[in-house]
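S.K.: Note that the sequence shown covers residues 97 to 236 in the numbering used here. Glycine residues also receive a C-beta, built at the ideal position from the N, C-alpha and C atoms. Since the model is a prediction, treat every value here as computed from it, not as a measurement. Okay, handing you the structure first.
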Amino acid sequence: GGAMLIFIVPTWWVWVTPTPEQWPLLFAIGVLTTVGMIGFVRGFSAGEASIVGPMEYTRLIYAALLGYYLFAEIPDIWSGVGAAVIIATTVYIAHREAVHQRRSKLSEADLTPETQRHREEKPFLCLVSPYSAPAAMVTS
């Protein structure tokens, strides 16, 4: 609601009513965006976020290719630097998550019964190693 109030005033000065040829294109944009978002959400619900998330950044490649072929846009050096930063951080996060996941797959025999019970009851409150004494854990 608030964004509409902010943008309605400038819209009065720059609004151009779409031509009859543009309406089907606008409709296609709406439909394809909806289908894309449904696929995006279903991907996250079916797969693990640390695996599915980095796949979203493939759209950088598609955006550059479509921009070049449809609009003759040539990405500048800063587009490349930004894409490299995004890809590098995504690879780093995916690697870190994989390492964290490997470390968290501890056998239940290695945990003390109290630590195991605490992890099941309050999984996000264990701020220390699962091997440490239960007294060192945060309780609410």
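Thinking C-beta only, is A179 closer than 8 Å to L161?
M.R.: No, the Cβ-Cβ distance between L161 and A179 is not below 8 Å.
S.K.: Below 8 Å, how does it come out for the stretch 141 to 152 and the stretch 101 to 108: are there three or more Cβ pairs, yes or no?
M.R.: No contact exists between the stretch 141 to 152 and the stretch 101 to 108.
S.K.: For A168, name the three-state secondary structure that DSSP assigns.
M.R.: DSSP places A168 in coil when its eight states are reduced to three.
S.K.: I'd like the list of long-range same chain contacts for V187, defined as Cβ closer than 8 Å, with 5 residues on each side in sequence excluded.
M.R.: P150.
S.K.: Identify whether G90 lies in helix, strand or coil by the three-state DSSP scheme.
M.R.: With the chain represented from 97 up to 236, any question about residue 90 goes unanswered, as that position is not in the structure.
S.K.: For V177, which of helix, strand or coil comes out of DSSP?
M.R.: V177 falls in the helix class under three-state DSSP.
S.K.: Can you give me the C-alpha to C-alpha distance between P254 and L101, rounded to a whole angstrom?
M.R.: It is not possible to answer for residue 254, since the shown part of the chain is limited to 97 through 236.
S.K.: Within this structure, are the beta carbons of G163 and E169 separated by less than 8 Å?
M.R.: In this structure, E169 lies closer than 8 Å to G163 by Cβ.
S.K.: For the alpha helix (DSSP H) that contains W108, what are its first and last residues?
M.R.: First-last of the alpha helix (DSSP H) with W108: G98 to V110.
S.K.: Is it true that the CB of L122 sits closer than 8 Å to the CB of P114?
M.R.: A contact, by the Cβ cut-off of 8 Å.
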